[in-house]
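So the sequence shown is numbered by our numbering: it starts at 944 and just counts up by one. Quick reminder that beta carbons are idealized off the backbone N, C-alpha and C, glycines included. So the structure is just underneath, and the comments pick up after that.
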Amino acid sequence: MSAPEVPADVDRLLRATAGDYELLGVRSLSRAGHPVVWEVLDTDGRRRLFAKRHRNALMHEREAAAYRLLAPALGSGRAPSLLAEDARSLLVITSALPGTPVISTDLTAAEEREVYRQAGQLAAVIHSQPTAGAPVGEYLPWAQERERALTRAHDARLPAEDVAVLAEATRHEPPRTALAYCHGDFGPRNWIVRRDGDRLILGVIDFERSHIEAPARRDLMRLTLQLTPRRPDLRAAFTTGYGRELTPEELAACRAWAAVDCPAALRWALDHHHDEEVLGYARTVLDLLRDPSAFT
944 MSAPEVPADV DRLLRATAGD YELLGVRSLS RAGHPVVWEV LDTDGRRRLF
994 AKRHRNALMH EREAAAYRLL APALGSGRAP SLLAEDARSL LVITSALPGT
1044 PVISTDLTAA EEREVYRQAG QLAAVIHSQP TAGAPVGEYL PWAQERERAL
1094 TRAHDARLPA EDVAVLAEAT RHEPPRTALA YCHGDFGPRN WIVRRDGDRL
1144 ILGVIDFERS HIEAPARRDL MRLTLQLTPR RPDLRAAFTT GYGRELTPEE
1194 LAACRAWAAV DCPAALRWAL DHHHDEEVLG YARTVLDLLR DPSAFT
């Protein structure tokens, strides 16, 4: 039987998909503007599933499209499978991806390098997929992006010297680079790793921000300027898996977009109980922008 925590529309879709399921837990809190995720076992008790209600129609459209267009290309065991969806209720039901998030998994340095190598491979596959039918990202004139970023920097109460660093880093529009289908939130929080004997197998979840944009805008920016600046071995492992080094134009674009993203990350972290992971990303970006040669 379903538990009272499961709303009627979620219960109906779960029953149509998983039969007389067993609720294992609610993975996200039901706060305004946040997705809610229910974890269940199907009627046979052998298959874990997730029901997810998106916070808005755009997130639902992006994730449902990605499960149709991106996930199959990654290969078996590399992404969840879409089992059911209901656009009116903003619901998807997916299979569970075995393993644990990289962010909460103890790994040796060699294992970390292997994870980042496989992450590069997954990113290359995602970025090489056809864009026909994929959602398109938001595009604003650079002056508006810059103004919004600096307003957020003031809202986050950054010191004046940090605001000045961001203002200088965003003074010029970044180089234009090729568009691709992107994950949009590609990093250890959404990477799932499992062990198969002596092998590590990496997969990726949470496609609700996937859309067409320049990979330097988010996917590659995060890898180069938020995740690996102090670990050149991880950056090298990622580019090995990705199949190439980033171009000078991509690196310049990553730096500019990191400056735009930094105040939004700070604001998000402050609104989410001072999330230390995201605060760490933002601090790293500020350090890099102050001295671009510090972590090359």
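| query | result |
| --- | --- |
| What is the DSSP secondary structure of residue 1056, counted as helix, strand or coil? | helix |
| Quick check on residue 1046: buried or exposed, where buried means 16 or more other Cβ atoms within 10 Å of its Cβ? | exposed |
| Going by C-alpha distance, which of 1212, 1009, 1035, 1205 is nearest residue 1075? | 1009 |
| Judging by CA-CA distance, which residue of 1228, 1065, 989 is the nearest neighbour of residue 1038? | 989 |
| For the beta strand (DSSP E) that contains residue 965, what are its first and last residues? | 965 to 969 |
| Mind reading off the beta-carbon distance from residue 1044 to residue 1131? Whole number of angstroms is fine, and I expect it under 8 angstroms. | 7 angstroms |
| Near residue 1033, which residues of its chain fall below 6 angstroms by C-beta distance, leaving aside the five closest residues on each side in sequence? | 996, 997, 1003 |
| Which term fits residue 1227, buried or exposed, when burial requires 16 or more other beta carbons within 10 angstroms of its beta carbon? | buried |
| Taking C-beta to C-beta, are residue 1125 and residue 1148 nearer than 9 angstroms? | no |
| Using only the alpha-carbon positions, how far apart do residue 1172 and residue 1224 sit? | 10 angstroms |
| Going by beta-carbon coordinates alone, are residue 1163 and residue 1057 separated by less than 9 angstroms? | no |
| Can you list, in chain order, the residues of its chain whose CB lies under 6 angstroms from that of residue 1059, leaving out five sequence neighbours each side? | 1177, 1180, 1181 |
| Taking buried to mean at least 16 other C-beta atoms within 10 Å of its own C-beta, is residue 1190 buried or exposed? | exposed |
| Taking the CB atoms as reference points, tell me whether residue 1012 and residue 1072 lie closer together than 9 angstroms. | yes |
| The beta strand (DSSP E) that contains residue 1037, what's its start and end? | 1034 to 1038 |
| So, under 8 angstroms CB-CB, residue 1200 and residue 1160 are touching, yes? Tell me the CB distance rounded to an integer number of Å. | 5 angstroms |
| Under a three-way DSSP split, which group does residue 1191 fall into? | helix |
| Check this for me: beta carbons of residue 1063 and residue 1183, under 9 angstroms apart or not? | yes |
| At which residues does the alpha helix (DSSP H) containing residue 1083 begin and terminate? | Element bounds for residue 1083: n/a, residue is neither H nor E. |
| Rank 1116, 1110, 955, 1212 by C-alpha distance to the C-alpha of residue 1192 and give the top, closest one. | 1116 |
| Go through its chain and collect everything with a Cβ distance to residue 1112's Cβ below 6 angstroms, but skip five positions before and after it. | 1202, 1232 |
| Just confirm the distance between the C-beta atoms of residue 1007 and residue 992, as a whole number of angstroms; I'd bet it's less than 8 angstroms. | Residue 1007 to residue 992, Cβ: 16 angstroms. No contact. |
| For residue 1150, does the three-state DSSP call read helix, strand or coil? | coil |
| Excluding the 5 residues preceding and the 5 following residue 1099 in the sequence, name in chain order all residues of the same chain whose CB lies nearer than 7 angstroms to its CB. | 1206, 1209, 1210, 1213 |
| Give the straight-line distance between the Cα atoms of residue 973 and residue 1029, rounded to the nearest whole angstrom. | Below a pLDDT of 50, predicted positions are generally treated as unreliable, and residue 973, at 49, falls in that range; the measurement from the model is reported next regardless. Using only the alpha carbons, I get a separation of about 19 angstroms. |
| Going residue by residue through the stretch 1133 to 1188, where are the continuous beta strand (DSSP E) segments of at least 3 residues, counting only ones entirely within it? | 1134 to 1139, 1142 to 1147, 1154 to 1156 |
| Quick one: Cα of residue 963 to Cα of residue 979, how far? | 21 angstroms |
| Going by Cα to Cα distance, which pick from 952, 1105, 1041, 1114 is closest to residue 1139? | 1041 |
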